[in-house]
Each structure stands twice: as structure tokens, then as C-alpha cells.
Amino acid sequence: MSLLLALLLVPVGCMLVAAVLPSPRAILALCVAGAVAVAGIAAVLIPSALEAPVFAIGRQLMLDALSAYNLAIVMFVFLFSSVYALRYFGPAARDGSFGRGKARRFGASWFGFLASMILVLVSNNVGLLWVAMETTTLASALLVCLEFDQPSVRASWTYLMICSVGIALALLGTFLLCGEARNVTTGSESPFLWTDLSHVASRMRPGGVKLAFLFLLVGYGTKAGLAPMHTWLPDAHSQAPTPVSAVLSGVLLNCALYSISRFLPVVEGATGGDGWAFRLLVPFGLVSIVVAAAFIAHEHDLKRLLAYCSVEHIGIIALGLGLGGTTAALFHTLNHSISKMVAFFCVGNLARDHGTRDTRAIGGLLKTSRLAGAGLLVAIFALVGMPPSSVFMSELWIARDGIAGGHLPAVVAFLLGVGVIFIVLLRPILGMAWAPAIAGRATVRARALDWPLIVLPLVLLGVLGLWMPEGLQDALTRAAAVLGGAP
Amino acid sequence: MVDGLVHVALLILMPLPMLGLINRVKSIAAGRKGPPILQPVYDVVKLLQKGAVYSRTTTWLFVAGPIVALASSLLAALIVPLASTTSPFGFPADVFVFAYLLGVGRFFTMTAALDTGSAFEGMGASREAAYAALAEPALFLALMIVCIPAHSASFSDAFASIPAAGGLLRHPGLLLATLSLGVVLLAEASRIPVDDPNTHLELTMIHEVMVLDHGGPDFAFIQIGYALKFFVLGAVLVHLVLPIPASGWMAPVLFVAGQAGVAITVGIIESFMARLRLTRVPQFLIGACVVAAVGVLVLFTGGRP
Amino acid sequence: MSLNADLLLLLVIGIDLFIGSTGRLGARIRACALQGLVLAALPLAIQGTGVLTGGERVLHTVLAVLATLLLKAVAIPYFLMRAMRQSGVQREAEPEHSLHLSLLLCAVLVGLSFWISAVMLPPPEAGSSPLGVPAGLATLLVGLYLTVGGRTELTQVIGYLVLENGVFVIGQRVLGEFPLVVELGVLLDVLVAVMLMAVLVAFGHRQDPSAAGNGAATPVGGAR
Amino acid sequence: MSSILTVALVLTLLSVTLFIVAASLSALLGRHDRASLAVGTAGSVLGCGVGLAGSVMALLDGGTETVASAWRLPIGAIQVGIDPLSAFFLLCIFLVCGLGALFGAGYMRGWLGRRRLAPALAFFNVLAASMVAVVLARDGVLFLLAWEAMSLSSFFLVTFEGDRPDTRRAGIVYLIASHAGLVPLILLFVLLGGPSGSFAFDGILAAGAPAAVLATTCFLLALAGFGLKAGFWPLHAWLPEAHPAAPSHVSAVMSGVMIKMGIYGLLRTLTFLGDPPEWWGFVFIVVGVVSGVGGILHAIAQTDLKRLLAYSSVENVGIVSLGLGLGLIGRANGNATMAFLGFGGALLHVLNHGVMKGLLFQAAGSVLHATGTRDLDSLGGLLRRMPFTGAAFLTGSVAISGLPPLGGFVGELLIYVGAFTGAVELPSSSALWPLVVVPALALIGGLASACFVKAFGVGFLGSPRTPAAASAHEASPTMRVAMVLGIVLCLAVGVVPAVALRLVEAPAQFLSGAATLPAIVPAILSAAMRAALALMATVGILAVVRWALLRRREVRQAATWGCGYEAPTARMQYTAASFADPVLEPSESIFVQRIVHDGLEGPFPRSAHHERRMGDVVADRVIGPAIRGMVASFKWLDVLQQGGVPRYLVWVLLTVVVLLVWQLGAF
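Protein chains in written order, with the working numbering: chain S, 1 to 487; chain E, 1001 to 1305; chain H, 2001 to 2224; chain L, 3001 to 3667.
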């Protein structure tokens, strides 16, 4: 299917074009146009991929229900973030502080980032997956240090270092797994392709596969931001320009988790399907939630707050997978991406309006910049799982599936952890809402572009909390079927 | 019908002289002759004929206080059987209504006291509130000891069943109930050792200081209401102690004798006991609650009667 | 399996120990380059030189060997040396442990990796070098040790490269050949290294490298 | 399925629609305060009127009906239904919310021009709608949704004056509390829905009563989750913070009905759990005694009028809990009379408390409106200046002290009789438990009298202590209308208890399983009515007598007799704290006292300040330290995020090592 290839090549092409375009504003426009184009291709591809897997380049690329579902989320967030980038860098592009060099660097890395994420999702080859994953690190590290000042370079350095080591471990895991697979593949079967791996899984030796999975889990888990390997995340997410933060938090983590989850059916097939691999995710999920709670309690930087909140939600998704709530976890992925994206947009606007991201220094949230303030408040309410946001629904769903699977202690710990985060995350935000507006700070009117960027996703969250469209339900079921589930 | 008439007659004739009797006993114990037994009646009649002086601070509530206090005591007195085991106004569960009627009277007496805006009367009201709250459980527990054997929360049934249960002496629970009720009587009727009706130091008074500002008919109402309250609680005590028959001429005689006994006992207590320190009063009342609680436990040991 | 492969793998381990025992950055970088050279030679040693003259995967192998050689043995060490000179740091500032201790630790790590591959992993297939996994593992562990224990960014990068080399060796041992993706991976490592180098240079310009990377101390940032 | 029920259900749903439309409109009219006030109020009042009709119809019909919709929630389903239990609580909601909205229309005018009113009106309507939805929900997910909407909307109402520090504190405390309560509720519904695989109440009921262990777990979870909302001691700590902070008509709704949603939830959960073991009833009795006595003692200790009322709500849910305990014991022992009396008394008290606490909060609000303060010791003499408000507060005070002839008495009487019935008719091993209720209720009643004499006496009687109190003005007409309606309701329940009985009859039978109305109940209620009427008649007669006596006599005005002291000032009146002291003295050790005292210094001291605050023992001794401890214990995790790249890598490696060691056996 050539469309699948186009999905990859269009961003690559945009990347090359962005690297040579002369005007920053043209590059920003290209970002939007390119994102629209890729989203359009994805929109054509996804329905058919949900029905049956789509292949390209001799089965090296594949888009099945699971990756199509994730691709939809990626494209959604990416599209919105591209528009937001226009809004975010627009003023700087006009006054010259977003110069040509920076713009080119941004445009190229932006599309490189998109291409690598798409590659993560569409690769049918575990090696290719690894390469794509590494590429996302590279592209996003460039984006993180776009400003190239001390903190951002430092954050970028930490990010590169930790994730590279992590991903090296994942490579080791990949080698080990493929080594095991190589012993049992016959004929045209390749030890590198998902499609074949799942066929031969039952013939592999459980011990070797388990060892490989441990490395894969820690390796890709580092990239996904599961605690205690999450340490790079708050720095990188808070130092990146806001559109980048939104994509990092909103979808890059999902991609990493997607990589782990892809291995689950293979490992399960090799180990007799007793849920060993799924169970391994549970402690990571719980630890992530607890660690996030602990750090949110002391944090004052808005973007770092959101970054830790991502650690929490990735933990919840991992927990959901581990407890047998595969569908719920996938639904939660969507909800988290949307809400985190909006939260970052709002924080970006607020930080620009107030000149700071320190929760203690911002007051009159709902007065000084009304739309961004209200949007942040609503987004945070959604993120902490307040109904009627869909996050509440997916968390409830995970709890239900966990109980149905007989994991009472884990569910109790999960609910308690989420409850603690509810409090510690809302406290600074409400503090900003209640604190008197800083004297002399004029009310900042929202631009026309801000309205759809902030309001649309929030409305979507509310709608999804109260109404499950037939199509989404179907997609979730099909995507979950790819993963199977913990017994 | 006759019973009802006797009831009303006793209600009209006895309460105020009982107070006179107490004073007489105290005087005699102090070696004085003392005022006539009917002195309280004379006082009330005189008060009823007087005009009134109202504080500029007060409102209609100040006037309402004595009226409600008297009305509630009157109704309570109609509920409790006097010289009989039936009362003209008895009904199922009247025990609870009885206690709450006394509560209404107290509520309005206290608010009337606060209406004057005087620190003294506030002081009295505050103490009244505290001690009444502590006396309440004792009263209810004691009444339960009486009512449970009768399987009915009505005074008529309960009093009728006491002789069947063997009276006071055969029933240790009943004895404890009597003790407890005695304390409640002293507290509710503001007698020594809880309160001293004769003191002239406002700082130490409870009931008297609450009604300092009332005069004329209002004060008369208060005095009558107060006497009725004493009388009706005394009546309950009498029924616990003496086997008052359901009817017949013996009933009024026994009852009047019993009430006189109550008055004399109170008079003797007042003569030979000092007022408790205010901080000790709660202990005294909690003690009454504990006694009544023990009475309930005694009642339940070996199966409920 | 030829003797050559065993010798090469032994050499890899030896280089690990050397890197662990020297405090001079220049020496470490050179050792790294040597290790890259060895790694480039490894496929030839395993598959025999005959692979260069015939067979279906000639081009493939040649390219892999050349890429490895070029990158791991030449380009990266060159960049590292440049970065070292620019940052002005010649040796590990005040090594945390004495170098003897460091050497001892590396020796223990090497021992550990032999033990792990003997006890925990399945025995090697007949005909393949028994040294493959232990050597790879040892390289990996020493690399990790250098990364974690490194006090300057340069040491950490060197450690990371050693670690990569370890994964590379293990991959070769486990998979027996270079699949396309591993080659891509090698290329990527270069990119990573270049990135790291860029960062390093940035640090060099902005002095105070010792405080770098302390995320918790990052002040609450401005409008971003 | 009867057509009356269908109509009733449609009417209640219509009321929800009206609330939501009113909420949206008043929010959209954001900048036009007057318009949004008018629209919001009209919507609430209209909705409550419509809903009231529906709920009364359903209550009189006494049947059960459930309707499922085809709407797809992500999980769960939209299912609503009405049965006697729902209908009764709907009645309470519509009554109290309607009066609250009416009062609020006048009350909110005080903020005109100073604050945007639209949010308060919108959230008030949302609160009403969500409470109705809680009661109508027949699916766990829908229930939780409505429950959280209720918490959230009331949170925004509590923080209406978010710029005040104490309000902020209250808001945070409230948020923490309501979320802490949500966790057990989620677990509860997940556990209940687990076996049947769906959250629908029908499904849960159809799955049959859960096994004993599961039932007990569910019971305890419900007690924790719903008890927190209901304000059971010691889960009450949020209540005295949150309720006073809200605008007064909202406090009225929160105290009057919102905390009763906790009671509703408990009762609804009990219907799922099959036949209750006896000890559940004992638990309720213990909870009731502790809440009642603890609540009222803390109420007496308060000098803040609205805080006092909030603590009194804790006391009153304690009384409700006593009734529930009796009902459960009755059911466990198969004694339908006792069960009916217990549940009936509890429900009647729910209704009564809604009305009278609504009235009291409205009166307190009108005082706040007029004087700008809630501090009792800054008030005084208000009855002269605000006769309507004073009468309302007095009526509420008498009623909430459980005194005849007002409503509060009837509910307590039923509970007393229920307890007595239990003490007489149960096997003697269990009979002591109901007997405990009698002295407990008596003590609570006595203390409540003391509390409200203090509140009314210090606040409304005597002479004004501050200029603000001296210049107080009467409430506006709409506020007065609301209060008069409240007074009438209080009186009506007390004087015509048969009507009140008709309202609780169906739900009490539903809960107790009594096939018919126990014969003793009408007898008692008619007796109560006679007592109330007789009392009123006697008071009337005596008033006439007094009038006749004084008609021809001299009636003079003078200063209060000061025992010879000639220059009394208003500051010399007895204060709220002094009044409370003798009552609290026996129990002083349970309070956490904060005494601020800058003592007299030197031979000629200028002025001195002495202040005593009675803190909440649970909040100050347990919850506060627990939360601080938790936050402090998070500190040690900071080690994860210190030390830069090398240290971060150590964590990654450590994870690998731990995993390897942990899973060593798996290879």
C-alpha cells in the first residue's frame, strides 16, 4: 500500500523543505500544512487499517488496529500542536527573535519527530521499531534544546543520555528476543517481524523471552517515563517549547508504551499466557503513580507539574494494561493525550502572559488571562479524573476491570494514589485561581486562534466522558484484540 | 370523671403550699417559726394584682417566656397521673412528651432571661442549660426503668404496673431509679445542693437569677410554673415509692402524704446540706445518670422483666 | 569459529580493563577507537575473510565493516578528542575512587559477566565463540560503570560508547550476522554521539560542567 | 408500572431539564448580573415546583419504576428510576432547594456590582440538578457522575468568595474530603457491579445478596464514603469548614439536603446487601451517639453562627443515624414495628432537618447580610431590629432542639418510641442497644437546647454589642417569603404530623419491609398532635389571662435591673463563649483549645485581649498531622530526582537489577 509509505515520506519531505525555507513564518505555515496533509493521509488509512492490517515494503511496514488507533491520537495531537506552534512562535517570528536558523531547526526536527513517531507505529520490524524510537529521541532532543540556553541544553543532555542508555538496553532486549526467535523460525519466517514473531512465539523458550522482555521493559520504559526511570522527563518536558512539550507528553510517551505493549502478546505466547508480562507492568504503574504524587506535592513549576502528571498517567495506562483492562488503558491513552495537550497549551499562554511558570507567582488565573486560565483549570480537573471528563470514565473502567480480574489491592492503591494526586495537583492550580491578580497586570485577551485550540479538545473530553461513539468503541475493541489481555 | 376532678383539684391546691411546706421545714430545722405554709400562695396572689415594669431592652419574648413556661408545666402536670394511675391527658408514649414539655418551658425561660441583656441572667441561663442537659439522660433512664417492665411508655401503664412488680423494695432497679429521679428533681426544681432558691448573691444562683427582671403577673406565672414543675416531678417520685391504688379514697390520701413527704425530705436536705460548688454540680448529675444506668443494667440482668 | 575471533574478543575485554584503569581522557578515547577497530574486524573474524570475495552478502558486510570502522574507530574518537581539547579537561578531575580500585571493579565486572553467561544464559551453540557473550556483557557493564561513575560529560559519553560497543558485540553474537537494522543502529549511535558532542561543546562554552545535569536544581524557568 | 409514576418521573426529569437550562442561561448572561439572577432563580423555583409535584405523586403512589435510555456512556448506562426512597429524598431536595433559591434571590443582591453572580446561580442550579440525578440514578456510573457533579458544583459555590483566605482553606478542605469520599464509593460500586458485570442497579439486585464478607466490605465502604458526605463523626471535619464558607442559601442547601445524599446513598446501598446482620445497626447507633454528642458539643463551643449551624448538622445526622440503627436492628430481628419506627423517624428527621436547618441558615444569612458578621459576640439585640429573621431563627431553634410543638419533635418521638419498642420486644441480648438510644437522644436534645438558646439568645436578644448590629435592617421581601414558608413548614409538621407520616410511610415501609403501617404509629402521632395543640392553646389562654390582668394596671419601661450597678454597657452582656463554658466544662478535655491572651501588664494596663477558639479535635489532632506527615514522607522520594545523569542512570540500572533478581526463578 503506497499510502502507508506516503505517510512516512510526506513528513520526511516536509522536513527537507523546512530545512531550506527562508522565512520563519513560511516554516510555521508549512508545519500546519504538512500536519494537515499527513493527518489527511492517516484519516484515509486508519479506517481500512482498523478492518485489516495494511502492509508496505514487503511487510516491513504494517498498520494494524492497534497502531492505527495510536496513529489517530498522534495525528490529532500533532495537528493541534502544529497550529499551536503557529500561535506560539508567531509573535516571535514577527519580532525576529524566532530567527531563520531557529525556525529551520524547529521545522526540520518537528517533521523528523513526526516521521519517527509514525515509523514507530507503522514498523512491523522490531529492529526498525528500535531505530525509530532512537530517532524520536534525537529529533525531540533537538527540539528540547531549541532555545539553546543553559537549562534547555542541560535538559536535552540529560534526556539524550538517559534515553540513549535506556534504549541501548532495549536494543539488548531486542537482540535477545530475536536471538530466541531465530532459533525457531523456519523458511520464510523472519525473527524480526511482528507478524511472524507472534506465530512462532509459542515455540520460543520462555526463559530467554522473559529475560529479553525485562530489558525491553526497562529500556522502552525509560522512554515512556515509567518511574523510577522517569528522571529525565520533568526537565525535558519543562524546558522544551510548549508545542513540543505537548507532543512529548501527549504522544511520545504513548509511542514508547506502545512499543512495550507490542511485545506483550509475543511474550505471552512464549510463556504460556499466564499473564506474566502483564503482571510485570503493575508495579511500574503503581510506583509511577506514587512517585508522581510525591513530586507534584512539592513542585511549583507549572510545566514540571504537568510533566509529573504525565508520569502518573503513563503509570495508569501501564497499570490498566497490567490489570487486564486493555480497552480501558487504550481509552485512557486517548484521554490523557487530549487533556495533557490542552493543559500544555494553556500553560504556554499563561507563562507568556505572566512571564513566569511559578505557581506561586501567578494570581488571578481567571482574570488576567481568562481563556487560558479557565482552560487550564478545566484541563487539570479533567486530568485528575473529575467527571464528566472521559479521564474519569477510563479510570473507573480500569478500576472495574482490575477488580473483575481480582486485583483488589492494586486497585485500592491505584485509587488512593490518584486521590492523592487529585489533591496535590489541584492545590497549586486553585491557589492561582484564587490568589488576587498581580497588581498592574493588564487583562490579556485571547487570540481568535486560542479558542478552537483550547475549547475544542476540552469539549471533546467532556463529550467522550458522556458518550462513547460507536466507531471509537469499535476501534478500541479491535486495538485491544491485537494486544490480547491479562488472563 | 371524679379522678379528673381530683387531679385538677390537686393541681390547683397543692403545688404552692408544697413550697411553703419546704420553707416551714427549713425554718423549723433552723429553730425559727417560719412563714405560713400558704405564704407562696399569698405571694402569687399579690403578684398577680400588680402592674409590671419591663426593661427597654426586652422584646415580646420576655413576655412569652413565663407564659410558655407555665403552659408547659401545666400540660406536663396533666400528663402525669396524680392520685390515681390514670391521668386526664395521658396517651401512648406520653413519657417522652412529658420530658420534652419541660424542655420547652426551660427553653423559653432561658431565652427570656437572655432577652434582658443582663450578664447575671445570662449566667443563670447558661448554668440552667448545662445542668438541664446533664439531668436529661438521668430523667429518661429513670423513666425507662419504670416503663420497660410495663411494656409501655405511658405513665398510666407504668404506674399501674409498679405494684405488680412488687414495688420499690422488691425491685432494686426501681430503687436506683428513685434515687436518680430524686437528684433530677433537685436539679430541675433548683433546690439545694444544685441551686439555692433563697440566696441573695446573684453570682451563685441559677433559677432565681434567670428571673430577676420579671415582675407582676409574669413573675407570678413563673412562680406557679416552678411550683408545678416541682409538684409534678414529686408526683412521679411518689408513684415510684408508694403503691398508689388506681382509684378509691386511699389514692388521694396516699398521694398527698407522699407529696408532703417529698417536700419534707427536700426541706430536710436543704437544712442539712450545703450547696455544691458550681463545678461539682455536673459530677452530681452525671452521678445520677450513672445510678440510673446501673438501674437499667440491674433491670436487664437475668432477662428482661 | 576461528581463533581470531576469540583473540579479538579477548582484546575487547582487555580494552575494557584499560579504560577502567586509566584516568587520562585522551588514553580512554584512543582505547575507544581501538575497540571500534576491533569491532569492525569482528564480522570478518567470525565469518572469515572469504566473505569478502564471494557470497550473497558481500556488499552488505563490506559496508557494515566500513561504516563501523569509519565511525567507531575514526569519526567519533576524532570528535571526542576535539571536544576534550575544547573543554580543556585533560583527565578525570579527582577520580572518585583510586584507579586501582577502579581497575579492580572493572575486573569484578568482567568476572561477573563470565559468571552470568555461564550460569544464567543458555550455553553457546557449537562452533561459536564461547567468549562472545561474556565479552559483550563485560563491555556493557564497564560502559555502564563509566557512565554512572563518570564525573564529567566526556567520561559519560565515553562510557556510553563503550556500552554501545557491548550491545553491538552481544548482538553480533546472538544474531550471528548483521541485520540491516543493526547497521542502522550503528549509524544512529553516531548521530547520538554527535548530538552529545554538540551538547558537550555547548557546555564547554558555558563553563561549569560539573553542575550540569542536576535537574532538581533547575530553577523555575521563564516564559516557555 | 402505573401511569402516575410515569408522570412523576417525567416531572422530575423535567425539573432537571429546567435546572440545567436555567444554569446555562444564567451562565450565558454572565455579564448581566440582574438578568442572570432573575433567570437562575426563576429556573430553580420553577424546577423545584414541578419536581415537588412529581415527587409527591410518586410518594403517594408508592410504586417503583425504572427507565433505561439507549444513550451510550463509555461504561455504565443511563438508567433512571423512581421508588418511594427516591421520591422521599426528591421531596426534600425540591423543598429545600426551592426555598433556598427564593431566599438566594434576595440574598445575592447584596453582592450586586461587587462580584459576578452568574457562576453562583449556574452552579446552584447544577447542584440541584445533580442531587436530583443522584437520587434518580439507577446505574452506578451515572450515580458516581451525578455524585461528583454534586461535589464539584457545591465546591464552586463554597469558593464563591475565593478571595478570602478562610474560604480558600474551606474550599481545599472540602475538595480533599469529597475526593477522599469518592475512593471508597468507586470501590463500592466496582465491587457491587463486579459479579454481575454491570453497574446497573437492576443487575446488582438481580445478582442477589452478596456473600457475607463482600457484603460487610461493601457496608464498610459505604459507611466511609457516604458517611463522609453525611458528616458522620469523625468524618465530619470538612463540614464546619465548608458549609459556613458558602453563601447562606447554599449553606442551607448543603446542610439541609446535600449531606442527606450520604444518608440516601447508605440506604440505597443497604437495599443491595440483603438482610442486614444485627451489628450493622449497632454500628449505626455508635456512629449516631458519637456524631450527635460530638457534633452538638462542638456546636456549643462555636462563636461563629454559621459554624455552629454546621456542627449542629453533624449532630442531626447523628440523630438520623440513630434512627437508621434502630431500623436495621429491627429488620435483623424481624421486628417490623421497630424497623418502621426507626427508619420512619430517621426519614422524618431528614425532612425536618432539611427544613429547619434551611430556615436557620437563611436567618443566619440574613443576619450576615444585615450586619456583615457571623460572630455571635458582635451581634445582639437583633430581634428588635429584624423581627422576621428573629422569629425565623427562633422557630428554627425550637424545632431543631426537638421541642414541641414544632416538626423536630415528631421525628425524634418516633425514634424514641422505636428505641423503646426495641428495648421491650427484642431478645434481651440485643435489647440494650436500642435502649442506649434513649439517654443519648435525651442528652443530645438537652445540649441542642443549650446550643440554640445560646445562639438565639446571644445573637438576637439583649442589646447590640457593635454598631453594625445596632444598625441592622430587616431582610428583603423575597428573603422574608422564603423564611415564612420555612416557619410554616416547621409548624405544619409539628401540628399535623399525620401529613408528615403520609410522606414517610411509603419509604419507611420500603426500607423496613413492614407490610402495613404499625398500629402504634398513628396513635403516637395523634397524641403528639394533641400535645402540640394543647400547648398552643394553653399558651394562648395564658396570654389572654396576662393581658386581662395587666389591662388596668400600670406598665412601665425601665433599664434592665443591674443588681445595683448603674452604668451597664452592651459589652457587659453574657458572651457566647461564657454561655458555653459551663456546658463544655465536663467535656473540655476533648477540645483543642487555642487561647490567645496578651495578659495585663504593669500597674495600669491599657487594654487586654483574650480569645479562646475551640478547634476541632479530629481536624487538629488526627487529619492535620496525618496530611502533614504524608506530605513530609514524600520528601525522601526527592532522592530520585537529585544528582544528575549518573545518579539517574543508577536508578535505571537498579531497576534492571531488581527485576532480574526478582524474576530470577522465571528464566
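Ideal Cβ placement from N, Cα and C applies to all residues, glycine included.
Closer than 9 Å at the C-beta level to chain L, one finds these residues of the segment 1054-1080 of chain E: Tyr1054, Ser1055, Arg1056, Thr1057, Thr1058, Thr1059, Trp1060, Leu1061, Phe1062, Val1063, Ala1064, Pro1066, Ile1067, Val1068, Leu1070, Ala1071, Ser1072, Leu1074, Leu1075, Leu1078 and Ile1079. Beyond the five residues adjoining it in sequence on each side, S:Glu51 comes within less than 7 Å, by CB distance, of no other residue in the same chain. Nearest in C-alpha terms to S:Phe175, of all of S:Ser188, S:Pro151, S:Phe213 and S:Val200, is S:Phe213. Under the Cβ criterion of 7 Å, S:Ala297 is counted among the residues facing chain L. The Cβ atoms of S:Ile41 and S:Leu71 lie no closer than 7 Å to each other. A direct Cα-to-Cα measurement between L:Met3572 and L:Ala3455 gives close to 17 Å.
With the criterion set as a beta carbon lying under 7 Å from some beta carbon of chain L, the members of the segment 2136-2160 of chain H are Leu2144, Thr2147, Val2148, Gly2149, Gly2150 and Gln2156, in sequence order.
Counting along the chain, no alpha helix (DSSP H) covers L:Asp3598; the unbroken beta strand (DSSP E) around it starts and ends at Val3592 to Asp3598. When secondary structure is reduced to three states using DSSP, L:His3610 falls in the strand class.
Each of L:Phe3388, L:His3369 and L:Thr3395 was checked against the Cα of L:Lys3357, and the nearest Cα belongs to L:Thr3395.
Rounded to whole angstroms, the gap between the alpha carbons of L:Gly3049 and L:Pro3497 is 22 Å. Your pair E:Leu1016 and E:Gly1225 does not check out as a contact, with CB atoms roughly 11 Å apart and the cut at 8 Å.
Neighbours of S:Arg59 across chain L, judged by C-beta separation under 9 Å, do not exist; the nearest C-beta is about 31 Å away. Looking from the CA of S:Val32, the closest CA among S:Gln60, S:Arg59, S:Leu114 and S:Phe55 belongs to S:Leu114.
Closest in C-alpha terms to S:Pro24, from the list S:Arg447, S:Ile46, S:Arg105 and S:Ala292, comes S:Arg105. Approximately 4 Å separates the beta-carbon atoms of S:Ser369 and S:Asp353; this is inside 8 Å, confirming the contact. For E:Ser1126, a Cβ of chain L is located within less than 7 Å of the residue's own Cβ.
Within the model, the alpha-carbon separation for L:Leu3090 versus L:Gly3422 is close to 30 Å. Neighbours of S:Gly219 in chain H, taken as residues at a C-beta separation under 9 Å, are lacking, since the least C-beta distance is about 10 Å. When C-alpha distances from L:Arg3169 are compared across L:Gly3345, L:Ala3246, L:Thr3012 and L:Gly3106, the shortest belongs to L:Ala3246. Residues of the segment 163-175 of chain S with a Cβ closer than 7 Å to any Cβ of chain H, in chain order: Ser164, Val165, Ala168, Leu171, Leu172 and Phe175.
For L:Val3067, the enclosing beta strand (DSSP E) starts and ends at Glu3065 to Arg3072. The alpha helix (DSSP H) runs lying completely inside the segment 3467-3528 of chain L and spanning 4 residues or more are 3467-3470, 3477-3495 and 3497-3512, given in chain order. Relative to L:Gly3407, the option among L:Thr3066, L:His3353, L:Leu3059 and L:His3032 whose CA is nearest is L:His3353. Counting only runs that start and end inside the segment 1133-1208 of chain E, the alpha helix (DSSP H) elements of at least 4 residues fall at 1155-1165, 1167-1170 and 1172-1188. Classified as exposed, S:Asp474 has fewer than 16 neighbouring CB atoms from the shown chains inside 10 Å of its CB. DSSP places S:Asn125 in the strand class (E or B) of the three-state scheme.
Nearest Cα to L:Leu3046 within the set L:Leu3191, L:Arg3034, L:Phe3232 and L:Ile3020: L:Ile3020. Within the segment 1080-1092 of chain E, those residues whose Cβ lies closer than 8 Å to any Cβ of chain L are, in chain order, Phe1089, Phe1091 and Pro1092. For S:Phe55, the enclosing beta strand (DSSP E) begins and ends at Val54 to Ala56. Taking a 10 Å sphere around the C-beta of L:Val3661, we find fewer than 16 other C-beta atoms and assign the residue as exposed. E:Thr1059 sits close to L:Arg3384, with the two beta carbons spaced by under 7 Å. Contact fails between the segment 3268-3275 of chain L and the segment 3094-3112 of chain L, because fewer than three Cβ pairs, one in each stretch, are under 8 Å apart. Boundaries for L:Ile3082: no alpha helix (DSSP H) harbours it, while the beta strand (DSSP E) harbouring it runs Ala3077 to Ile3082, taken from the DSSP string. By the C-beta density criterion, L:Gln3593 is exposed, having fewer than 16 other C-beta atoms within 10 angstroms.
Interface residue (Cβ-Cβ distance to chain E less than 7 Å): L:Thr3538 is classified as such.
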